[in-house]
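Participant:
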Amino acid sequence: MRHTIAVLVKDYPGVLAKVASLFTRRGFNIESLAVGHTEETGISRMTIVVEGDERVLEQITKQLNKLIDVIKVRDIQPQNSVERELALIKVNCNSLPVRSEVIQTVDIFRAKIIDVNNQIMTIETTGTEDKVNALIELLRPFGLKEVVRTGKIALSRGSKYISTLKNQAE
Amino acid sequence: MRMSGSKIVIECLKKEEVRVIFGVPGGAIMPLYDALYSEPSIRHILTRHEQGAAHAADGYARATGRVGVCMATSGPGATNLVTGLANAYLDSVPLVAFTGQVPTNLIGTDAFQEVYISGITSSVTKNNYVVRRIEDLAKIIKEAFYIAKTGRPGPVLVDLPKDIQVAETNFEYPKKLSMATYNPTHSGHIKQIKMAAQSIEKAKRPVILGGGGVIISNASSELKNLAFKTHTPVTTTLMGLGSFPETHPLSLGMLGMHGTPCANYAISVADLIIALGVRFDDRVTGKLSEFASQAEVIHIDIDPAEIGKNIRVDIPIVGDVKRVLRKLNEIVEQRENVEWLETIEDWKRKYPLTYDNNEELKPQFIIEKVYEITQGKAVIVTDVGQHQMWAAQYYQYNEPRTFISSGGLGTMGYGFPAAIGAKIGCPEKKVICISGDGSFQMNLQELATAIGNNLNIIVIIMNNSYLGMVRQWQELFFDKRYAETTLKGNPDFVRLVEAYGGTAFRINKKQELYPVLEKALSLNKFVLIDCLVPEEENVFPMVSPGSSISEMIGVD
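Right, here's the structure in full:
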């Protein structure tokens, strides 16, 4: 089973390495990892997707909580959250028919063309992981040149939020 | 007051009441050593290898309950500490290690003696720091000591770039720490404690399993109160030896791979396990699916990550063992366990720990005599291997902090430097290091430290000319193919000690033992006794790896 966990950490040098090496050492596999600043200066948020059963999730959570630089760890339930991933895709469009087909596909997915010349088109898309996967698969036959993905980020729905303050009510 | 980074470190150490540091100087930590040179209140013990310094600080911490401090230079000095840190990490020993580092402007350039020790040690320390700004120094040291000794203790490393050691700032030791991200739970959940009490009251075959956590939280008397009030038998892990008096009828001795049959049988049929400060290591549990398979499990530990990690727990209680037990002892009803204790007495009678006590100088016999002559009052520090298990089996530990051994990491070479640390921490106590010819040679350079500082430690080497425990496994599981376990070229340990200016004896006969021990104890100085023991003696009982602990080799 896949889990999405949000990890709030102090924004110090070396913290990302500590978190990542903990996963490796304990034998947990990271499927994707996205890191960025939060609303609070000095606090970063990692969104980590891992594979494992409930026991694995429990151990990951507990071990992460033991790291001094980790402020909070939360399991994000897919049914109660919104999740997005951003991808940039370079695809071949060296003939007119190909180009128009690519443009149609991009339209269907409500993606954006952000750069184009007579050889290559660069497409930006955001959405769930499944949507991004589907778009990439549809573009593949035209000749994918380069794909870059951010990894998933997620927030719980509604008025619930994860405070950057330790132990604050949510 | 304005002062240099080095002076700030010294002042912080004084505030933390550090009395002794174990270490070896070198280029990148010279400013700190220079500041230490003019500080009379802190004693520095120069070991001959940084690993010795880390183990000595560890032995000091375990013997005294205080934070051990060690120090080394950058690069090789720092990497030499790593085994010692890992050892302390696995046995939850409070340690603060200071390492020198190349100046901040050279970090990342592969400068002379530069390694990224923070990265190297991140998986074997509770936390570590690279001090990048002199203004942060005092706060970091305060945090380091606080983290090392609170919650589940462990080693913390502070890396000090050379320019930080010489830079100056105003020194003020923070009075309070606000660490929002570190806040161990000390008192257990009262509802859970009540549930535990109810389970204890209705269990028919309860067993207390005491671990290193009982000793760390100084909870021996609380453990005794619980056992006495509820007439519950107690077994301990290797790390828990001494937490409950082994001479008491309720004691089952140690459990696990080389545990007593009585302890292993009791755990196997128990209907309730009260686990205190343990982590259910594979050497304790054997085959997990058959460990305590009939039992309800109460697990009290300060580290939530240990609860449910290896075995299923019915009543988890996160908290300090001492505090939780105090509460539990208040509410639990007094009870008897007549039938269950009879069964246990039966096992004890039928399956005592035995060995073939013939005319030879047997290692088990040596341990028994050491116990006899010291009346169980010595601090026994061991290395790792067969001698360690015999020391665990045949000496009766009645007080906490009298058995010091590398449990989780199983570090050969730990014992001798740890004995040095223990002796420095407890000069009034008799410290005896039980080692093997293999283990001792992994840190024998510390002979200079022990003899040079006039430490009256007795080292007993169980010399069988083998890496004995590995040889035993080869005999049992590898068709006696003794691959690289014969220690050809062992030195003459007596002459070796004499070369360092110490006293040593060699014995190979049973009747020589007692007089030599008497003499060694009376000399009040460093003495090594090289005991030539039978080469192929085995440690029994033994549970083969992966088997259930109720299936023991060497029990009829």
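Going down the list, the protein sequences come from chains Z and R. Our numbering applies: residue 31 is where the first sequence begins, and numbers increase by one. Our numbering applies: residue 70 is where the second sequence begins, and numbers increase by one. Where a beta carbon is used, it is the ideal one built from N, C-alpha and C, also for glycine.
#1: Given that R/Thr55 touches chain Z, what residues does it touch there, using C-beta distances under 8 Å?
#2: From the DSSP output, in three-state form, read off Z/Arg55 for me.
#3: Within the continuous alpha helix (DSSP H) that includes R/Tyr129, where are the two ends?
#4: If Z/Ile78 and Z/Ile60 are in contact, beta carbons under 8 Å, what's the gap, nearest whole angstrom?
#5: If you reduce the DSSP assignment to three classes, tell me which class R/Asn523 lands in.
#6: So which of R/Leu586, R/Pro243, R/Leu397, R/Gly92 has the shortest CA-CA distance to R/Ile262?
#7: When we look at the beta-carbon of Z/Ala199 and count the other beta-carbons within 10 Å, is it buried (16 or more) or exposed?
#8: For the stretch 354-380 of chain R, which residues have a CB atom closer than 9 Å to at least one CB atom of chain Z, in sequence order?
#9: To be precise: take each residue of the stretch 48-64 of chain Z, compare its Cβ to all Cβ atoms of chain R, and keep it if any distance is under 8 Å. Which residues remain?
#10: So which residues of chain R does Z/Lys92 contact, with C-beta pairs closer than 7 Å?
#11: Based on Cα-Cα distance, which residue from R/Tyr569, R/Asn593, R/Glu108, R/Gly623 lies nearest to R/Val87?
#12: Exposed or buried, which one is Z/Arg140 when buried takes at least 16 other CB atoms within 10 Å?
#13: For chain Z, find out if any of its Cβ atoms is closer than 7 Å to the Cβ of R/Tyr196; answer yes or no.
#14: Might you give, ordered along the chain, the residues of its own chain that have their beta carbon closer than 7 Å to the beta carbon of R/Ala272, omitting 5 neighbours on each side?
#15: Establish whether the CB of R/Ser247 and some CB of chain Z are separated by less than 7 Å.
#16: Please list the segments of the alpha helix (DSSP H) lying wholly inside the stretch 281-324 of chain R, counting only runs of 4 or more residues, in order along the chain.
#17: Measuring alpha carbon to alpha carbon, tell me which residue in R/Tyr440, R/His258, R/Gly490 is nearest R/Thr316.
#18: Under the three-state reduction of DSSP, which class applies to R/Val338: helix, strand or coil?
#19: Helix, strand or coil for R/Lys83, going by three-state DSSP, please let me know.
#20: Tell me, which residues are paired with Z/Cys123 by DSSP?
#21: Let me know if R/Glu80 comes out buried or exposed under the rule of 16 or more other beta-carbons within 10 Å of its beta-carbon.
#22: For R/Ile189, go through chain Z and note every residue whose CB falls closer than 9 Å to its CB, in chain order.
#23: Identify the continuous alpha helix (DSSP H) that holds Z/Met76 and give its terminal residues.
#24: Looking at R/Pro230: is its Cβ nearer than 7 Å to the Cβ of R/Pro318?
#25: Is it a yes or a no for the stretch 141-160 of chain R touching the stretch 112-127 of chain R, going by three-plus beta-carbon pairs under 8 Å?
#26: Mark R/Glu605 as exposed unless 16 or more other C-beta atoms lie within 10 angstroms of its C-beta, in which case mark it buried.
#27: Determine the DSSP secondary structure at R/Thr238, reduced to helix, strand or coil.
#28: Could you tell me the alpha carbon to alpha carbon distance between R/Gly134 and Z/Thr156, rounded to whole angstroms?
#29: With DSSP run on the structure shown, which of helix, strand or coil describes R/Pro327?
#30: Between Z/Glu200 and chain R, is any beta-carbon pair separated by less than 7 Å?
#31: Residues in the stretch 127-142 of chain Z with C-beta within 9 Å of chain R's C-beta atoms, listed in sequence order?
#32: What is the residue span of the beta strand (DSSP E) that Z/Asn95 lies within?
#33: Pick out whichever of R/His327, R/Val338, R/Leu278, R/Thr299 has its Cα sitting closest to the Cα of R/Phe313.
#34: Using the Cβ count rule (16 or more neighbours within 10 Å means buried), how would you classify R/Gln403?
#35: Counting only Cβ-Cβ distances shorter than 8 Å, please list the residues of the stretch 216-242 of chain R near chain Z, keeping chain order.
#36: Figure out for me which residue from R/Met70, R/Val453, R/Arg575, R/Ser362 has the closest Cα to the Cα of R/Thr238.
Facilitator: Looking at the atomic coordinates:
#1: For chain R, the structure presents residues 70 to 625; residue 55 of chain R sits outside this window and is missing.
#2: helix
#3: 119-133
#4: 6 Å
#5: coil
#6: R/Leu397
#7: Legend: pLDDT at Z/Ala199 = 39, less than 50; position of this residue unreliable, value from coordinates given subsequently. The residue is exposed, with fewer than 16 neighbouring Cβ atoms inside 10 Å.
#8: Asp372, Pro373, Ala374, Glu375, Ile376, Gly377, Lys378
#9: Lys48, Ser51, Leu52, Arg55
#10: Pro373, Ala374
#11: R/Glu108
#12: exposed
#13: Checking the sequence, you will find Asn at residue 196 of chain R rather than Tyr. So yes, R/Asn196 belongs to the interface.
#14: Asp340, Leu341
#15: no
#16: 281-285, 289-299
#17: R/Tyr440
#18: helix
#19: helix
#20: Partner(s): none; Z/Cys123 has no beta bridge.
#21: buried
#22: Neighbours of R/Ile189 on chain Z: none; closest Cβ ~11 Å, over 9 Å.
#23: Not the alpha helix (DSSP H): Z/Met76 falls in the beta strand (DSSP E), residues 73-81.
#24: no
#25: yes
#26: exposed
#27: strand
#28: 56 Å
#29: Rather than Pro, the amino acid found at residue 327 of chain R in this sequence is His. Three-state result, R/His327: coil.
#30: Only weak support exists for where Z/Glu200 lies, its pLDDT of 38 falling under 50; the coordinates are left without a value.
#31: none
#32: Per DSSP, Z/Asn95 belongs to no beta strand (DSSP E); it is in the alpha helix (DSSP H), 84-96.
#33: R/Leu278
#34: exposed
#35: Ile216
#36: R/Met70
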